[in-house]
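A short worksheet on the structure shown next.
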Amino acid sequence: MRALLDTLQRTPKLQFAVFDGALRGPAQPCTDQTFAARRALLDASAVPLVVVPGRHDWQDCDARAAGGFDPVERLDFIRQTFFDQPPSLGSQAMHIARQSDLPRFRQYRENLRWEMSGIAFSTLNVPDGNNHYSNAGGRNGEFEDRTLANAFWLRHVGEYAKRHRLKSIIILIDADPNFDRYEKCEYFAWLGFGRHLPRDGYIEFKRTLVALSRGFNGTVALIHGTSRDAAPRVRIDQPLHDDRGKRVANFTRIAIARAGRDPQWLDIRAESARWPMFVVTEHDVANAIHFPAPLVAPDVPDTAALQQGGTGTGTAIGAAGATTGAPDSGTEAASSNGLWMPGGTSDATMPAIGPLQRLPSGPPQRHSTAPASGAPAASATAPDAPSPPFDTPSHPAPSVRTPASLPPSDPASILP
């Protein structure tokens, strides 16, 4: 973690960072002292920093090696320790909106939203391990309440982005929501198929993602962690489908393998005036220790920034899952060099997220590209104009189940 923060500090023009889960190591206990030390370390970040709670930070704290804590009690302590102040962490904090600003969702301090250069960013507490769903009856109160809160917050982010005519929404969570399971066994449950499978703890989240993407006239991206042995290490694809099996064309996910012996972080550049809109660059954290000079190749921009119309923000996923942001340095991002999809297949349309780049310093370079997204790039000359419609046929509204207990009011009207 110290090496990662050192790398971010010496990477120029970063605007923000997101630490995506794993605040403690697998062999470390879930004690107050452990999390207090992590808070002090992250709060010293030279760039504004946001934390996304992960499975190991609270859900797995009931293990004997972790101290045998109550997971819900540890989650409350995480909220009090890392989300006790209105702004973000870091020596230069940035303004963020919290779901806890709403009286009904006072406890959900970790669900955040902020805007930068025409992009709405949001974090959600969606942990790995089937979303803390228990197959034992009568033990899912925390899961059910958090599922309602997450659904409401995603609706709010979508309405906020539409009202402010933003070009993109980026969501960051800890878990891999297992898109391969979406609606497959549940859809044919009346036939008795898939009864041996546990209940999908992410099904409500995936249905809400479908509704969010269908109702937003722009690009939606989900960034999440995945298993350490995942191949490729960084996977960029479009796995979201609606209840009818149709791919959601304006949704793209970036899955990053958990940090191993060689921790890494990602920079993501977004430019609304070009296509592909997003370009992902992979960095090695270990190089920050062995090479004092910034990890920048002569022919590569200082940072791969999420840029909109000349000013930008960026995203990078790091050692235990860090995400950083940076403005454009004036150099064009690398262009797409082809298309990558699982199994080596390809798509005829241009991708929303371009090729995965590797800086030439350190280990050998690896490149991969994303499949197509149906949303065309928005023009940077008219930032206030609404995004053009998707270059795809219109789809009927999916049958998304909205909990009846959600507030009926417009969620975007609650926060500015």
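Residues in the sequence shown are numbered consecutively from 631, following my numbering. For glycine and all other residues, C-beta sits at the position ideal for the given N, C-alpha and C.
| message | Is Ala695 close to chain D? Criterion is C-beta to C-beta, closer than 8 Å. | response | Note that chain D does not occur in the displayed structure, where there is just one protein chain.
| query | Looking only at its own chain, which residues have a Cβ that is under 8 Å from the Cβ of Arg736, when we skip the five neighbours before and after it? | reply | Annotation for Arg736: Ser730 place their beta carbon closer than 8 Å to its own, counting only its chain and skipping 5 residues before and after.
| said: Checking the sheet assignment: what are the DSSP bridge partners for Ile800? | reply: Bridge partners of Ile800: Phe751 and Ala851.
| request: Let me know the secondary structure DSSP gives Thr1095 once reduced to three states. | output: Because the chain here runs from 631 to 1046, residue 1095 falls outside it and cannot be looked at.
| message | Please list the terminal residues of the continuous beta strand (DSSP E) segment that includes Asp867. | response | It spans Val864 to Asp867 - the beta strand (DSSP E) in which Asp867 sits, taken as one unbroken run.
| said: Looking at the secondary structure, which residues open and close the alpha helix (DSSP H) in which Ile833 lies? | reply: Looking at the DSSP string, the run of the alpha helix (DSSP H) that includes Ile833 is Ile833 to Arg844.
| query | Is Leu742 helix, strand or coil when you go by DSSP? | reply | Leu742 falls in the strand class under three-state DSSP.
| task | Note the first and the last residue of the continuous beta strand (DSSP E) segment covering Ala885. | result | Phe881 to Ala887 is the extent of the beta strand (DSSP E) around Ala885.
| task | Tell me, to the nearest whole angstrom, how far the beta carbon of Ala885 is from that of Asp806; I am working on the premise that it is less than 8 Å. | result | That belief holds up - the Cβ atoms of Ala885 and Asp806 are roughly 6 Å apart, short of 8 Å.
| query | Taking all protein chains shown into account, do 16 or more other C-beta atoms lie within 10 angstroms of the C-beta of Ala727, making it buried, or fewer, making it exposed? | reply | Burial check for Ala727: the Cβ neighbour count within 10 Å reaches 16 or more, so the residue is buried.
| field | Which of helix, strand or coil DSSP assigns to Val878 | value | Coil at Val878, not helix or strand.
| message | Within 10 Å of its beta-carbon, does Pro761 have 16 or more other beta-carbons around it, so buried, or fewer, so exposed? | response | A small fix is needed here, since residue 761 is Asn in this sequence, not Pro. Burial call: buried.
| field | Contact under 8 Å by Cβ, Val681 with Leu672 | value | In this structure, Val681 places its C-beta atom within 8 Å of the C-beta atom of Leu672.
| task | Return the Cβ separation of Val878 and Leu870 in integer angstroms, given the expectation that the two are a contact with Cβ distance under 8 Å. | result | Between Leu870 and Val878 the Cβ distance is about 4 Å, and since that is below 8 Å, they are a contact.
| task | Check His686 in the structure and name its three-state DSSP category. | result | Residue state, collapsed to three classes: helix.
| task | With a threshold of 16 other CB atoms inside 10 Å of the CB of His854, please say whether the residue is buried or exposed. | result | Around the beta-carbon of His854, 16 or more other beta-carbon atoms lie within 10 Å, marking it buried.
| What residues in its chain sit with their C-beta under 6 Å from that of Gln689, if we drop five residues either side in the sequence? | Only Pro701, Pro757, Gly759 and His762 meet the Cβ criterion.
| message | Within 10 Å of its beta-carbon, does Asn741 have 16 or more other beta-carbons around it, so buried, or fewer, so exposed? | response | Label assigned to Asn741: buried.
| Span of the beta strand (DSSP E), counted from its first residue to its last, around Phe649 | Run containing Phe649: Phe646 to Asp650, per the beta strand (DSSP E) assignment.
| message | I'd like the list of long-range same chain contacts for Thr711, defined as Cβ closer than 6 Å, with 5 residues on each side in sequence excluded. | response | Take Thr711, set aside five residues on each side of it, and the residues of its chain with a beta-carbon closer than 6 Å to its own are Phe665 and Arg669, in chain order.
| task | Could you tell me which residues DSSP puts in a beta bridge with Val681? | result | According to DSSP, residue pairing for Val681 in a beta bridge involves Phe649.
| task | With distances taken Cα to Cα, identify the nearest neighbour of Leu613 among Ala841, Arg811 and Leu839. | result | Coverage of the chain is limited to positions 631 through 1046, which leaves residue 613 absent and any answer about it impossible.
| query | Between which two residues does the alpha helix (DSSP H) carrying Lys792 extend? | reply | Boundaries of the alpha helix (DSSP H) around Lys792: Gly771 to Arg793.
| query | For the candidate residues Phe773, Ala657, Arg793 and Trp744, whose alpha-carbon lies nearest to that of Arg829? | reply | Nearest of Phe773, Ala657, Arg793 and Trp744 to Arg829, Cα basis: Phe773.
| query | Got a sec, what are the start and stop residues for the alpha helix (DSSP H) Ile1050 sits in? | reply | Absent from the model: residue 1050. The displayed extent of the chain is 631 to 1046, so no value can be given.
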